[in-house]
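Take a look at the structure set out below.
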Amino acid sequence: MNFLQQAIELAYANAQRGGRPFGALVVRNGQVIAQAVNEIMTTNDPTAHAELLAIRAASQHLGSASLAGCSVFASGHPCPMCMAAMRLAGIKEVNYAYSNEDGAPYGLSTAEIYADLARPFAEQSMTIRHVPTRIAGRPDLYAHWKHQKQGA
């Protein structure tokens, strides 16, 4: 069974248990190093997507926040949150079996979120503001972080 088929089987099993139909694998050098299913329904955590949970498990397994050299295989089109997490982790390859178009009739598409995020901040459905704030008497936060990191 190939990796996408494995992700789909995870999704079927999760749906059978009352979860959402999503599964994901993180693969490195042809080996599955982590797998997960969508746990939103069991945890009430809106970020408990299969891809994010698989990324977390893979990072723990490797003992590193970098997943460079890893690929993700997902049953469905990863949402923008999951895609961003994969990019931040250094994943360069994502494969998915079911598209947003496949999921749309079932309320399982994130195409509208992708479209909203492509708009300028002022035109998005969520209010987004840059409010420059500093604390008097404290060093600049980012400069402080860099100094602490270099001193360690």
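So the sequence shown is numbered by this note's numbering: it starts at 67 and just counts up by one.
The beta carbon of each residue, even a glycine, is placed where N, CA and C say it ideally should be.
Within the same chain, Cβ atoms closer than 8 Å to the Cβ of ALA151 are found at GLU117, LEU118 and ILE121, the five residues on either side in sequence being excluded.
In the three-state reduction of the DSSP assignment, ASN161 falls in the strand class. Note on the region 87 to 130: whole alpha helix (DSSP H) runs with a minimum of 4 residues are 106 to 109 and 116 to 128, in chain order. In this structure the region 190 to 197 does not lie against the region 146 to 164, because fewer than three pairs of beta carbons, one per stretch, are closer than 8 Å.
For ALA77, the closest alpha carbon among the candidates THR113, ILE99 and ALA163 is that of ALA163. Classified as buried, PRO87 has 16 or more neighbouring CB atoms from the shown chains inside 10 Å of its CB. The beta carbons of ALA184 and ASN166 sit about 14 Å from each other, so the pair does not count as a contact at 8 Å. Between LEU91 and GLN72, the C-beta spacing is below 8 Å.
With fewer than 16 other CB atoms across the displayed protein chains lying within 10 angstroms of its CB, GLN214 is exposed. About 5 Å separates the CB atoms of VAL93 and SER137; that is less than 8 Å, so the two are in contact.
Of the candidates THR199, ILE99 and PHE69, ILE99 places its Cα closest to the Cα of LEU133. Our two residues, HIS210 and MET147, have alpha carbons roughly 28 Å apart in a direct line. Here GLU75 is exposed. Its C-beta has fewer than 16 other C-beta atoms within 10 Å. Between LEU207 and THR108, the alpha-carbon positions lie close to 37 Å from each other. Take CYS145, set aside five residues on each side of it, and the residues of its chain with a beta-carbon closer than 7 Å to its own are HIS115, THR176 and ILE179, in chain order.
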